[in-house]
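Presented below is the structure to which this report refers.
Protein chains in written order, with the numbering used here: chain A, 54 to 165; chain B, 324 to 437.
Here it is in structure tokens:
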């Protein structure tokens with residue numbers, strides 16, 4: 054069965070520091086992968102997606118993610134974090150019929 | 324403005340009292356779905372609908388019903404709510420059912436069942 058694992062429940066970084074959020078997936082075929090962000094009291098906003106092609110994907114708000122098939126990973130990165138990036142981040146894989154299978158989420162706190 | 328609207332945003336109720344959470348989208352999307360979000364579990368799909376009058380179970384359908392009589396609306400019905408249905412619920416829609424279709428999420432409905 055498809056699954057997504059986000060090993061870090063909570064991460065704290067200083068403003069201006071680099072960020073990497075980890076995501077590992079289990080999927081038999083070529084996965085369609087997504088990163089979403091959820092700000093407090095808000096719905097989910099799509100940051101970026103990977104379907105095929107270039108394994109380094111650029112998204113909104115300065116985020117990027119790299120698909121590594123050999124490691125079954127799709128880690129999210131940002132070179133310099135801003136205080137407004139504090140939120141919960143979800144990695145997801147398409148499970149068919151547009152069903153998204155989400156990881157448990159990583160809550161990001163940003164120290165000034 | 325393109326949006327998915329859920330109502331209510333917050334609800335506290337008691338076990339066994341039927342409730343409906345409404346979801347409406349103004350983008351003429353064919354595909355709609357409901358998720359629940361629980362700490363440590365992420366979001367899990369409850370039900371989805373490929374089009375009007377076409378609905379199917381997701382991963383956690385027990386205790387829920389849905390209907391899709393109009394394209395824009397996809398209400399979630401809890402006939403006899405129980406405390407284990409206390410959760411944060413999200414409605415989502417996309418133009419068609421396909422991974423290349425971006426999904427639009429509502430702002431969520433927080434249900435507390437006492």
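From the three backbone atoms N, C-alpha and C, an ideal C-beta is built for every residue, glycine too.
| Query | Result |
| --- | --- |
| The segment 332-347 of chain B in contact with the segment 116-133 of chain A per 3-pair CB rule at 8 Å | no |
| Beta-carbon proximity check, residue 68 of chain A vs residue 165 of chain A, cutoff 9 Å | yes |
| Any C-beta of chain B under 9 Å from that of residue 131 of chain A | no |
| Within chain A, the residues that residue 352 of chain B reaches when beta carbons sit closer than 9 Å | The premise fails here: residue 352 of chain B is roughly 11 Å from chain A at the closest Cβ pair, so nothing lies under 9 Å. |
| Cβ of residue 391 of chain B within 9 Å of any chain E Cβ | Of the protein chains in this structure, namely A and B, none is chain E. |
| Within 9 Å, strictly: CB atoms of residue 6 of chain A and residue 84 of chain A | Nothing can be reported for residue 6 of chain A, as the shown portion of chain A is limited to 54 through 165. |
| Same chain, Cβ closer than 8 Å to residue 60 of chain A, neighbours up to 5 away in sequence not counted | 75 and 77 |
| Below-9 Å beta-carbon distance, residue 371 of chain B vs any chain A residue | yes |
| C-beta contact flag for residue 388 of chain B and residue 399 of chain B at 9 Å | yes |
| Residue 157 of chain A, buried or exposed, once every other Cβ within 10 Å from all chains shown has been counted against 16 | buried |
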